[in-house]
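**Student:**
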């Protein structure tokens, strides 16, 4: 998440306008939000666990294939992955 400090705003404003100059993707232009917490929202525990699980699913087969290659020293083990 990207967090930027805003200038001081009077107490209890009913409207705040912010402009993003040159957004680098469509999602930033369409889904950017202002939050009252100065540190932003961050990632939830569920998101972190999901990302760790996806990383594990992607890395474990590579580790197994390189382990077989270290023992067998045959290129077909790497080709099948």
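In this note's numbering, the protein residues as written are 4 to 84. Glycine included, every Cβ here is placed at the ideal spot set by N, Cα and C.
Taking 8 Å as the threshold, find out whether the region 14-23 comes into contact with the region 31-40 through three or more Cβ pairs.
**Tutor:** Yes: the two stretches touch, three or more of their Cβ pairs being nearer than 8 Å.
**Student:** In three-state DSSP terms, what is residue 35?
**Tutor:** Coil, per DSSP.
**Student:** Kindly indicate which three-state DSSP category residue 29 falls into: helix, strand or coil?
**Tutor:** In the structure shown, the three-state DSSP call for residue 29 is helix.
**Student:** Pop quiz: residue 37 and residue 19 are said to be a contact at Cβ under 8 Å. What is the actual Cβ separation, rounded to whole angstroms?
**Tutor:** Residue 37 to residue 19, Cβ: 6 Å. Contact.
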